[in-house]
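Position in the sequence shown counted from 1, then plus 10, gives you the numbering used here. Quick reminder that beta carbons are idealized off the backbone N, C-alpha and C, glycines included.
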Amino acid sequence: MRPIIGWLTALLLLLSAFPASAAEVQVAVAANFTAPMQKIAADFERDTGHKAALSFGSTGKFYAQIVNGAPFEILLAADDETPTRLEKEGLGVAGARLTYAIGKLVLWSASEGVVDQQAAVLKNNAFRRLALANPKTSPYGAAALEVLGQFVAPQAVQGKTVQGESITQAWQFVSTGNAELGLVALSQVFKDGKLASGSAWIVPQSLYTPLRQDAILLARGRNNPAAAALLVYLKSEKARSAIRAFGYDLP
């Protein structure tokens, strides 16, 4: 079990040690979490007065940027391995890590009738282009590759897949018609339990490594009251409701 209670208590004590004046925190956010984090950040600013300055991208690229001195104070990753690694390397505050969401993968087409609930288009290799995120930098891309490999042989889809640098770019390939379907984040195409457009199959979570998404307080944010406040806020019911609304599970 993770030491959540201990470090949350420490963060609350840190908050009480600072004056109540508003501060800003620099947050690196995994691309799949764009929409919910935009809502959470707006609520956070209204409720606390602190501001979260958000940057969105792939977890792997954020890791490289943090190692090379990027001024981020919190990372909301698309996996739990990257925050653990940053903590071990001394770039994250020891113990200041939490699982804020559990992601889900979906096979999606912007057109109706392309994807059915048996994923026949995938099983039958009946597509011209399928988009996924770069598996080397995106945990969602790695999960997509796991799923794809269970339905079709790698040589059968050679030249038929297109990789985005992040899950956002993979979604854009599908939404613009450059790929007829893609393995993307459920949060990108579902809101309040409803499919926004097109056709989709929610991939059973048994078919890929669980997408446990961890947040970590980075060393640069150790003494920033806004950073401490945001991590506490992610555990609030308002934030959790926003996370659930975009199709994520909660730990």
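Among A45, Q168, K146, A153, which residue has its Cα nearest to the Cα of S197? Stepping through the sequence shown from its first residue, residue 197 is reached at position 187. Considering only alpha carbons, the answer is A45.
Whole-angstrom distance between S121 and G102, CA atom to CA atom: By 1-based counting over the sequence shown, the position of residue 102 is 92. By 1-based counting over the sequence shown, the position of residue 121 is 111. So the alpha carbons of these two residues sit roughly 42 angstroms apart.
Minimum C-alpha distance to N42 - residue among A87, L260, Y73: Locating residue 42 in the sequence shown gives position 32, where the first residue counts as 1. For N42, the nearest C-alpha among the options comes from A87.
Quick check: what's the CA-CA separation for A229 versus R107? Working through the sequence shown from its first residue, we reach residue 229 at position 219. Working through the sequence shown from its first residue, we reach residue 107 at position 97. Their backbone Cα atoms lie some 12 angstroms apart in a straight line.
Quick check: the Cα distance between S207 and V199, rounded to an integer number of angstroms? Locating residue 207 in the sequence shown gives position 197, counting from the first residue. Locating residue 199 in the sequence shown gives position 189, counting from the first residue. S207 and V199 have their alpha carbons spaced roughly 7 angstroms apart.
Own chain partners of L260 with C-beta closer than 8 angstroms, once the 5 adjacent residues on each side are dropped: The sequence position of residue 260 within the sequence shown is 250, counting from 1. Taken in chain order, the residues that qualify are A111, I112, R250, I253, R254.
Locate the beta strand (DSSP E) running through T109, then write down its first and last residues. The sequence position of residue 109 within the sequence shown is 99, counting from 1. Its beta strand (DSSP E) spans residues 102–113.
Okay, do the segment 165–172 and the segment 212–226 touch, 3+ Cβ pairs below 8 angstroms being the bar? no
Express the C-alpha separation of S148 and A80 in angstroms, rounding to a whole number. Here residue 80 is taken as the residue at index 70 of the sequence shown, counted from 1. Here residue 148 is taken as the residue at index 138 of the sequence shown, counted from 1. Straight-line Cα distance between these residues: approximately 19 angstroms.
Can you tell me whether E99 is buried or exposed? The criterion is at least 16 other CB atoms within 10 Å of its CB, across all chains shown. Within the sequence shown, residue 99 is the residue found at index 89, counting from 1. So E99 ends up on the exposed side.
Note the first and the last residue of the continuous alpha helix (DSSP H) segment covering L96. Counting from one through the sequence shown, the residue named residue 96 turns up at place 86. In the DSSP annotation of this structure, the continuous segment of the alpha helix (DSSP H) that includes L96 starts and ends at 91–98.
Give the list of continuous alpha helix (DSSP H) stretches no shorter than 4 residues that lie fully inside the segment 121–168. Those alpha helix (DSSP H) runs which fall completely within the segment 121–168 and span 4+ residues are 130–133, 149–159.
Quick one, are the C-beta atoms of A210 and V125 less than 7 angstroms apart? Along the sequence shown, read from residue 1 onward, the residue named residue 210 stands at position 200. Along the sequence shown, read from residue 1 onward, the residue named residue 125 stands at position 115. Yes, Cβ-Cβ distance for A210 and V125 is below 7 angstroms.
Once the 5 residues before and after V131 are set aside, which same chain residues still bring their CB inside 7 angstroms of it? To locate residue 131, count along the sequence shown from 1; it is residue 121. Counting only Cβ-Cβ distances below 7 angstroms, and skipping sequence neighbours, we find V124, V125, F137, L191.
Is it buried or exposed, K285, if we count other Cβ atoms within 10 angstroms and call 16 or more buried? One cannot answer for residue 285 here, as it falls past the ends of the chain, which runs 11 to 261.
Could you check what DSSP says for Y258 in three-state terms: helix, strand or coil? Counting from 1 along the sequence shown, the entry for residue 258 is found at position 248. The three-state secondary structure of Y258, taken from DSSP, is coil.
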